[in-house]
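Chains as they are written, first to last, in this note's numbering: chain C, 14 to 260; chain L, 1027 to 1342. Take a look at the structure set out below.
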Amino acid sequence: MLFKYLLQLADNQLILSQRLSELCGHGPALEQDIAITNISLDLIGQARLLFQYATKHDDQKRNEDQLALVRPENEYRNVLLVEQPNVDFAHVIVRQYFYDEFNFLNYSALVNSKDEELAAIATKSLMEVKYHLRFSRNWMLRLGDGTAISNQKMQDAIDDLWAYPGELFEMTADEQVLAKAGVAVDVSTLQENWKEAVLATLQEATLAIPEGTWHQTGGKKGIHSEYMGHILAEMQFLQRAYPNQTW
Amino acid sequence: MDEKALQLRFQEQIDAEIKIEPKDWMPDAYRKTLIRQMSQHAHSEIVGMLPEGNWVTRAPTLKRKAILLAKIQDEAGHGLYLYSATETLGISRDEMIQALHSGKAKYSSVFNYPTLSWADIGAIGWLVDGAAIMNQVALMRTSYGPYSRAMIRICKEESFHQRQGFDILYTLCQGSEEQKAMAQDAFNRWWWPSIMMFGPHDAESTHSSQSTKWKIKRKSNDELRQDFVDATVQQAEVLGLTIPDPDLKWNEERKHYDFGAINWEEFWTVVKGNGPCNRERIAARQKAYDDGEWVRDAAAAYAKKHTHAYPSTSTS
């Protein structure tokens, strides 16, 4: 049960990191290229801590790379939000900001986990996530309140991605048990704080709050978008083509 | 002071190994030479991110992916640092980038070769960064202060890059037959382009003699190339890779390795824009720049609207 929870946490960081790493060398300016790469790097680091911890609870005794890079698609437990594509810099920023607000709240709660190792991972990661949130929130404001063009692009990205954050606050059966035991975070309790922070940011950024209240779901159960297969085809390529080798 | 006296004092300063600083008087040609060389160097860092970025999403392990991302990030940092150092000579980063996109400014031709397998990432680190270090170590003593200081800082990171490249190949060479073949194939393709990185032979190098007098350049192309070959042959032996040059052999008299003739026709073909990836590299840079225009405009507009450039933040 803890094993699955660790994978779920790790997969979110892993897949978002993978998406960001696609932008390496293609950022809108050198400074943002460096920042995006840096966030990608932090997220891989966080994923590695979680995967390494997960290896200790794996019946099959797989190593971190077998966990991260060899599982079938329906065993990945990341939310749909993080697998959404890098349509343009507006989508990159909105996806990042929505996730960072969640990641910040989630890790802020996870530092109190009764599982000491998990609490330690959360404490270490939280320091990085604060920086990520500052970066993405500042860009929400700059681009929302920048030019008419940037405002429109941001609004389009928000409208496109608005259906995805809802899944972040869904509780799986395993999470409910672990939350009761004080190990996992009850993410359903984070939704109000998330919404409050996001709405304040959108308002300050002169961006409109979309009207839709429904949300897409599936990732946490292993049912992903069509994007996921392509992400994995790329990410898993060498491990699949040359199994059981040392790199 | 008249021009001639200034010239004289400038050369005395150089001869006495006193660094030239941005506000010092300098001959126009010195300034132009530096702008050309330093911006070319900066562009090489930035364009060099692309062939490696090609494998970042396919890195074989999380550890390798993290190392590669960090390495490419270093290169972006080097580019930023070198653009800033070049700006001290009175040219803007935007002007330099325009010159890159128009083809007026060059970048290291080696990045016009494709990265076809994971072993190429090892070969770039080991050979391309290895060759770059030879050049950059010599440039730590270059006469222009900001360039010299940039090189000192950059060299520290480059030697780490070379080691990670070697480590990738070393791991492959200890691995399966397929992995060894991958390493040899990458070596075969990257050896000659790396040798060519030092540029034309001294006799044919157009900028060399004046640059040497100004101590912008501290070692000749052929000297650096020889240093690189001598160091690399021994490392290839450790890896167990075969150097793709039948004429390579130790010359006891010279105490150096002799090596075969360089294919200068290929070199000039790639320099002139007809290498395997020249078009793709510039197109990728141009696209990133064009796609980023609205972002840069928005950031400028936001900074203008608000009294300070950085938005308030609720998290720090």
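Virtual Cβ for every residue (Gly too), placed ideally from N, Cα, C. The structure displayed is predicted, hence computed values, not measured ones.
On the premise that L:Gly1191 lies in contact with L:Ile1221, defined as a C-beta separation below 8 Å, what is that separation, rounded to the nearest angstrom?
-> Between L:Gly1191 and L:Ile1221 the Cβ distance is about 16 Å, and since that is not below 8 Å, they are no contact.
At a CB-CB cut-off below 7 Å, which residues of chain L make contact with C:Trp343?
-> Beyond the ends of chain C as shown, which are 14 and 260, falls residue 343 of chain C; an answer cannot be given.
Per DSSP, what kind of secondary structure is L:Asn1277 in: helix, strand or coil?
-> strand
Excluding sequence positions up to five away, which residues of its chain have a Cβ less than 7 Å from the Cβ of C:Leu22?
-> Leu63
Ordered along the chain, which non-local residues of its own chain (more than five positions away) have a Cβ less than 8 Å from that of L:Pro1086?
-> Trp1144
With a CB to CB cut of under 7 Å and the five nearest residues on each side skipped, what residues in its chain are close to L:Gln1205?
-> Leu1198
Distance CB(C:His237)-CB(C:Leu93) smaller than 8 Å | yes
Does the beta-carbon of L:Ser1065 have 16 or more other beta-carbons within 10 angstroms, so that it is buried, or is it exposed?
-> buried
Of all Cβ atoms in chain C, is any one closer than 8 Å to the Cβ of L:Ala1102?
-> yes
Between C:Gln21 and chain L, is there a C-beta pair that is closer than 8 Å?
-> no
Give me the Cα-Cα distance between C:Ala81 and L:Trp1290, rounded to the nearest whole angstrom.
-> 45 Å
To the nearest angstrom, how far is it from the Cα of C:Ser53 to the Cα of C:Gln26?
-> 9 Å
L:Gly1286 versus L:Asp1271, L:Lys1298 and L:Val1296, residue with shortest Cα-Cα distance = L:Asp1271
Nearest residue (CA-CA) to L:Lys1049, options L:Tyr1170, L:Thr1141 and L:Ile1194 | L:Tyr1170
Note down, in chain order, each residue of its chain lying with its Cβ closer than 7 Å to the Cβ of C:Gln168, except the 5 sequence neighbours on either side.
-> Leu220 and Ala221
Is the CB of L:Ala1125 under 8 Å away from at least one CB in chain C?
-> no
What residues in the region 155 to 166 of chain C have a beta carbon less than 7 Å from any beta carbon of chain L?
-> Arg155, Leu156, Asp158, Gly159, Thr160, Ile162, Ser163 and Lys166
Take the Cβ of C:Ile134 as the centre, count every other Cβ of all protein chains shown within 10 Å, and call the residue buried at 16 or more, exposed below.
-> buried
What residue from L:Gly1148, L:Gln1200, L:Thr1168 and L:Arg1179 has the CA that sits closest to L:Gln1188's CA?
-> L:Gly1148
If you follow the alpha helix (DSSP H) that L:Tyr1056 is part of, which residue opens it and which one closes it?
-> Asp1054 to Val1073
Which residue from L:Ser1185, L:Ile1044 and L:Lys1239 puts its Cα closest to that of L:Thr1059?
-> L:Lys1239
For L:Asn1214, which option in L:Ala1111, L:Glu1230, L:Ala1229 and L:Leu1195 has the closest C-alpha, if you only look at C-alpha atoms?
-> L:Leu1195
First and last residue of the uninterrupted alpha helix (DSSP H) at C:His104 = Phe102 to Leu123
Along chain C, which residues have their Cβ under 7 Å away from the Cβ of L:Thr1083?
-> Gln31, Ser34, Glu35, Glu247 and Met248
With distances taken Cα to Cα, identify the nearest neighbour of L:Leu1108 among L:Met1122, L:Ala1096, L:Ile1308 and L:Lys1097.
-> L:Met1122
Sort L:Met1166, L:Asn1138, L:Trp1217 and L:Ala1096 by Cα distance to C:Ala48 and report the nearest one.
-> L:Ala1096
Tell me, please, whether the region 169 to 184 of chain C touches the region 94 to 104 of chain C by the rule of three or more beta-carbon pairs shorter than 8 Å.
-> yes
Contact list for the region 1128 to 1153 of chain L against chain C, Cβ threshold 8 Å | Trp1144
Whole-Å CB distance - C:Gly235 paired with C:Asn76, under 8 Å assumed = Actually they do not touch by this definition, with Cβ atoms about 21 Å apart.
Coarse secondary structure for L:Ile1150, derived from DSSP in three states | helix
Compute the Euclidean distance between the alpha carbons of L:Glu1306 and C:Ala197, then round it to the nearest angstrom.
-> 47 Å
Would you kindly work out how many angstroms separate the C-alpha atoms of C:Ser34 and L:Ala1257, rounded to a whole number?
-> 34 Å
Using a Cβ-Cβ cut-off of 8 Å (strictly less than) and excluding sequence neighbours within five positions of C:Asp158, which residues of its own chain qualify?
-> Asn164, Glu217, Ala218 and Thr219
How many whole angstroms separate the CB atoms of C:Phe115 and C:Trp227, which I take to be in contact at a CB cut-off of 8 Å?
-> With 8 Å as the limit, C:Phe115 and C:Trp227 do not qualify as a contact, their Cβ atoms being about 18 Å apart.
Would you kindly check if the distance between the Cβ of L:Ile1308 and the Cβ of L:His1127 is under 8 Å?
-> yes
Simplified DSSP assignment, three categories, for C:Ile236 = coil
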